[in-house]
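First the structure, in the form of structure tokens, and then the observations on it.
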Amino acid sequence: MSFIADKVVMDGLTYDDVLLIPAYSEVLPKTVELSTKFSRNIELKIPFVTAAMDTVTEAQMAIAIAREGGIGVIHKNMS
Numbered sequence: 615m616s617f618i619a620d621k622v623v624m625d626g627l628t629y630d631d632v633l634l635i636p637a638y639s640e641v642l643p644k645t646v647e648l649s650t651k652f653s654r655n656i657e658l659k660i661p662f663v664t665a666a667m668d669t670v671t672e673a674q675m676a677i678a679i680a681r682e683g684g685i686g687v688i689h690k691n692m693s
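Numbered by the numbering used here, the letters in the sequence shown go through residues 615 to 693 in order.
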């Protein structure tokens, strides 16, 4: 793991611990790479995984997230 990843995992940082300061950047939005590995065999285009809760992810949400490149985990009561 990188230093930043180690710090987040080991120290348990939350949103209250991080401050993003606006600044000039040479990075263009279209050049940003968001893909990541969900597992050894599953790659996501965007790092979004929805919760397996009946109030969060049903078929419509799972399909919408998948179309954008993420993954929706459906809850156990889905029929």
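We put the CB at the ideal spot given by N, CA and C, even for glycine.
Membership of A676 in the alpha helix (DSSP H) is indicated by the continuous run A673 to E682. CA-CA distance, K690 to K659, rounds to 25 Å. In this structure, DSSP gives T645 a helical state, which the three-state scheme calls helix.
Cβ-Cβ distances below 6 Å link V663 to I685 in the same chain, with the five nearest sequence neighbours on each side left out; the list follows chain order. 8 Å or more divides the Cβ of I688 from the Cβ of T669.
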